């Protein structure tokens, strides 16, 4: 009776471990893919923000050169109407430049937050990958345990057969002696 119970226990343990190993490996692989995808997306956002900041810096330089150009035109203007027109254009260029600078400050803050987040996640990704490797190694160990259980189950079955054969031979000898 004990032999039947232990055989059933080994069989159930083997099935449970095998099913858990497959689902754990699938989950670990999916988590790793998700982490890598998130990191790629965040890196793209960081790069996009850097490009936008660079573009804004160029626009600010262009606006600054417009302001300087209109200042020169205003100083060189011979008539009051021309001077007023150039002064108005200079003021518009200054206003646009201030708007661009305000936009740049907001974008720089956003870029800083994104870069900090990216750096933090990149650090955590390393830790997570180490954890995933440890989990994979654990899954491999569980697989080896399951294989060992299967081996011991086969060995146990072989021992039972040999024991049954030995008992049958013993009974035959006892019957033939009587």
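Numbering (the numbering used here), first residue to last: 6 to 183. For each residue, glycine too, the CB sits at the ideal point set by N, CA and C. All values derive from a computational prediction rather than experimental measurement.
Do residue i and residue j have their C-beta atoms within less than 7 Å of each other?
i	j	result
residue 137	residue 37	yes
residue 112	residue 154	no
residue 95	residue 72	yes
residue 79	residue 70	no
residue 68	residue 116	no
residue 44	residue 114	no
residue 123	residue 61	no
Nearest by alpha-carbon distance to residue i: which of the options is it?
i	options	result
residue 51	160, 127, 151 and 169	127
residue 64	144, 152, 108 and 146	108
residue 55	118, 42 and 125	118
residue 40	133, 53, 125 and 121	133
Taking only the alpha-carbon atoms, compute the straight-line gap between residue i and residue j and give it to the nearest angstrom.
i	j	result
residue 141	residue 149	12 Å
residue 146	residue 180	50 Å
residue 101	residue 75	14 Å
residue 158	residue 166	12 Å
residue 82	residue 92	10 Å
residue 12	residue 160	Reliability fails at residue 12, whose pLDDT of 47 lies under 50, so the model's placement of it is uncertain and no value is given.
residue 90	residue 105	23 Å
residue 169	residue 177	12 Å
residue 172	residue 163	14 Å
residue 139	residue 32	14 Å
residue 85	residue 103	27 Å
residue 156	residue 182	39 Å
residue 174	residue 152	33 Å
residue 121	residue 144	34 Å
residue 135	residue 53	29 Å
residue 49	residue 42	11 Å
residue 77	residue 110	29 Å
Could you tell me whether any Cβ in chain B is nearer than 7 Å to the Cβ of residue i?
i	result
residue 93	No chain B appears in the structure shown, which is made up of a single protein chain.
*What are the start and end residues of each continuous beta strand (DSSP E) run of 3 or more residues lying completely inside the segment 60-94, in chain order?*
none
*Mind listing, in chain order, the continuous alpha helix (DSSP H) runs of no fewer than 4 residues lying wholly within the segment 97-135?*
none
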